[in-house]
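Visitor: First, the structure itself, so that you have it in front of you.
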Amino acid sequence: MNLALLRRYTVNDRLCYYDWISSFTYGEPVKKQTFLFALGVALVGCDNSTAPLSFTPEMASFSNEFDFDPLRGPVKDFSQTLLNEKGEVAKRVNGTLSEEGCFDSLELHDLENNTAVALVLDANYYRDAETLEKKVRLQGKCQLAELPSAGVVWDTNDNGFVVAATGKEMKVQYRYDAEGYPLGKTTISKDQTLSVSAKPSTDPRKKLDYTAVSLLNNHPLGNVKQTCDYDRHANPTDCTLVIVDESVKPAVEHNYTIKNTIDYY
2 MNLALLRRYT VNDRLCYYDW ISSFTYGEPV KKQTFLFALG VALVGCDNST
52 APLSFTPEMA SFSNEFDFDP LRGPVKDFSQ TLLNEKGEVA KRVNGTLSEE
102 GCFDSLELHD LENNTAVALV LDANYYRDAE TLEKKVRLQG KCQLAELPSA
152 GVVWDTNDNG FVVAATGKEM KVQYRYDAEG YPLGKTTISK DQTLSVSAKP
202 STDPRKKLDY TAVSLLNNHP LGNVKQTCDY DRHANPTDCT LVIVDESVKP
252 AVEHNYTIKN TIDYY
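Going by my numbering, the sequence shown opens with residue 2, and the numbers climb by one from there.
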């Protein structure tokens with residue numbers, strides 16, 4: 002999800018770690034009904050023209066690291082389900098957030114690779130939901146700081162966004178636009194450089210309509226195109242995702258759909 006599948010199909014193991022109700026009262030004069038209808042249209046128009054909220058540092062950074070589409074606004078809980086061409090679930094992400102925007106819990110299930118992880122917030126750490134082992138150390142309010150088991154340390158900028166990750170044999174640099182939308186990352190590991198660059202829609206309410214390209218040592222690996230339907234918070238509800246794997250000849254196209262459910266405060 003997000004740029005995850007592009008990386009899965011094109012990156013070797015050395016570079017991988019990781020939603021107006023209008024009601025009219027019958028019997029009222031037509032003039033009043035007409036006025037109410039016009040007022041409703043005007044209000045809806047104003048609402049749609051309002052600029053959507055930016056992505057928080059935590060949402061943007063977590064989506065980068067855990068491979069899901071970032072959301073904005075007062076999200077209470079959400080799920081993102083990736084379906085393959087056969088309609089089978091390939092991947093599912095579930096998360097709950099506090100009113101302050103911190104992830105209280107996060108579950109990731111990759112059914113294709115038979116892997117899963119469930120994290121719960123406990124003070125300055127995310128623990129494994131089953132073993133209660135400390136998995137991720139946090140910094141600030143609830144931002145990523147360190148993944149001890151992998152020797153990975155995250156660095157943030159003055160606005161609280163994760164802009165770099167450093168490990169024993171790799172370094173990752175992250176990019177965002179002015180609204181906090183993730184624009185991709187560059188991973189350097191020994192003599193290999195993987196660059197993933199995303200270009201979102203120019204419509205500020207459709208940030209998850211994007212195209213992306215992946216390069217390994219400046220050689221094309223693949224490209225992605227995603228288009229979505231959106232809710233009133235400018236978050237995606239249903240998306241189509243097309244991935245072209247250019248690492249093989251002839252190139253292979255993979256088609257997916259993404260189903261999102263989102264509850265708000």
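Built from N, CA and C at the ideal position, the CB exists for glycine as well.
Please work out which residues of its chain come closer than 6 Å, Cβ to Cβ, to I22, disregarding the five sequence neighbours upstream and downstream, and give them in chain order.
Guide: Locating residue 22 in the sequence shown gives position 21, counting from the first residue. Unreliable positioning characterises I22 in this predicted model, as indicated by a pLDDT of 26, which lies under 50. The coordinate reading is nonetheless provided below. Around I22: no qualifying Cβ.
Visitor: Thinking C-alpha only, which one of Y177, A199 and L145 is nearest F63?
Guide: In the sequence shown, the residue the question calls residue 63 occupies position 62. When each option's Cα is compared against that of F63, the closest is L145.
Visitor: In this structure, how does DSSP classify L44 when only helix, strand and coil are distinguished?
Guide: Translated into positions along the sequence shown, residue 44 becomes position 43. Legend: pLDDT at L44 = 40, less than 50; position of this residue unreliable, value from coordinates given subsequently. It is helical.
Visitor: Let me know if D204 comes out buried or exposed under the rule of 16 or more other beta-carbons within 10 Å of its beta-carbon.
Guide: Start at 1 with the first residue of the sequence shown, and residue 204 comes out as number 203. Exposed, by the Cβ-count rule.
Visitor: Ends of the alpha helix (DSSP H) at A61?
Guide: As a position in the sequence shown, residue 61 is number 60, starting the count at 1. Here the alpha helix (DSSP H) through A61 covers P58 to F67.
Visitor: From A43 to R233, what distance separates their C-alpha atoms?
Guide: Looking up residue 43 in the sequence shown gives position 42. Looking up residue 233 in the sequence shown gives position 232. At A43, the pLDDT of 38 sits below 50, so the modelled position is not reliable and the matter cannot be decided from this model.
Visitor: Please state whether DSSP places A151 in a helix, a strand or coil.
Guide: One-based indexing of the sequence shown puts residue 151 at position 150. In this structure, A151 counts as helix in the three-state DSSP scheme.
Visitor: At what residues does the beta strand (DSSP E) containing K207 begin and finish?
Guide: In the sequence shown, the residue the question calls residue 207 occupies position 206. Unbroken run through K207: none, as it is neither H nor E.
Visitor: Rounded C-beta distance between L84 and K260? I'm assuming under 8 Å.
Guide: Along the sequence shown, read from residue 1 onward, the residue named residue 84 stands at position 83. Along the sequence shown, read from residue 1 onward, the residue named residue 260 stands at position 259. Between L84 and K260, the beta carbon gap of about 7 Å places them in contact (Cβ cut-off 8 Å).
Visitor: May I ask you to verify whether the region 190–209 touches the region 235–243, counting CB pairs closer than 8 Å and requiring at least 3?
Guide: Verdict: yes, contact present.
Visitor: Nearest to N160 by CA position, among T132, T57, Y266 and Y265, is which residue?
Guide: Here the question's residue 160 lines up with position 159 in the sequence shown. Checking every option, the nearest Cα to that of N160 belongs to T57.
Visitor: Quick one: Cα of A199 to Cα of V214, how far?
Guide: The count along the sequence shown starts at 1 and reaches residue 199 at position 198. The count along the sequence shown starts at 1 and reaches residue 214 at position 213. Going by the C-alpha atoms only, they are around 7 Å apart.
Visitor: So is E59 buried or exposed if we call it buried at 16+ other beta carbons inside 10 Å?
Guide: As a working note, residue 59 is residue 58 in the sequence shown. By the neighbour-count rule (16 or more Cβ atoms within 10 Å), E59 is buried.
Visitor: Mapping DSSP to helix, strand and coil, what is C229?
Guide: On the sequence shown, position 228 is the one that residue 229 refers to. If DSSP states are grouped into helix, strand and coil, C229 belongs with the strands.
Visitor: Locate the beta strand (DSSP E) running through C240, then write down its first and last residues.
Guide: As a position in the sequence shown, residue 240 is number 239, starting the count at 1. Here the beta strand (DSSP E) through C240 covers P237 to D246.
Visitor: Quick one: measure Cβ to Cβ for V90 and L112, integer angstroms, because I've assumed they're closer than 8 Å.
Guide: Numbered from its first residue, the sequence shown carries residue 90 at position 89. Numbered from its first residue, the sequence shown carries residue 112 at position 111. That pair is a contact at about 6 Å.
Visitor: For V154 and K186, what's the separation of their Cα atoms in angstroms?
Guide: In the sequence shown, residue 154 corresponds to position 153, counting from 1. In the sequence shown, residue 186 corresponds to position 185, counting from 1. The alpha-carbon atoms of V154 and K186 are separated by roughly 16 Å.
Visitor: Please classify G123 as buried or exposed, where buried requires at least 16 other C-beta atoms within 10 Å of its C-beta.
Guide: Start at 1 with the first residue of the sequence shown, and residue 123 comes out as number 122. Note that residue 123 corresponds to Asp in the displayed sequence, not to Gly. Classified as exposed, D123 has fewer than 16 neighbouring CB atoms from the shown chains inside 10 Å of its CB.
Visitor: Go ahead and label K92 buried or exposed: buried means 16 or more other beta carbons lie within 10 angstroms of its beta carbon, across all protein chains shown.
Guide: Locating residue 92 in the sequence shown gives position 91, counting from the first residue. By the 10 Å Cβ count, K92 comes out buried.
Visitor: Taking L164 as part of the beta strand (DSSP E), name the residues at either end of that continuous run.
Guide: Stepping through the sequence shown from its first residue, residue 164 is reached at position 163. Correcting the residue identity first, residue 164 is Val in this sequence and not Leu. For V164, the uninterrupted beta strand (DSSP E) segment begins and ends at V163 to T167.
Visitor: What does DSSP give as the partner residue(s) for P221 in the beta ladder?
Guide: Here residue 221 refers to the residue found at position 220 when the sequence shown is read from its first residue. P221 is bridged to L216.
Visitor: By the three-class DSSP mapping on this structure, what secondary structure does A91 have?
Guide: To locate residue 91, count along the sequence shown from 1; it is residue 90. Of the three classes helix, strand and coil, the one that applies to A91 here is strand, per DSSP.
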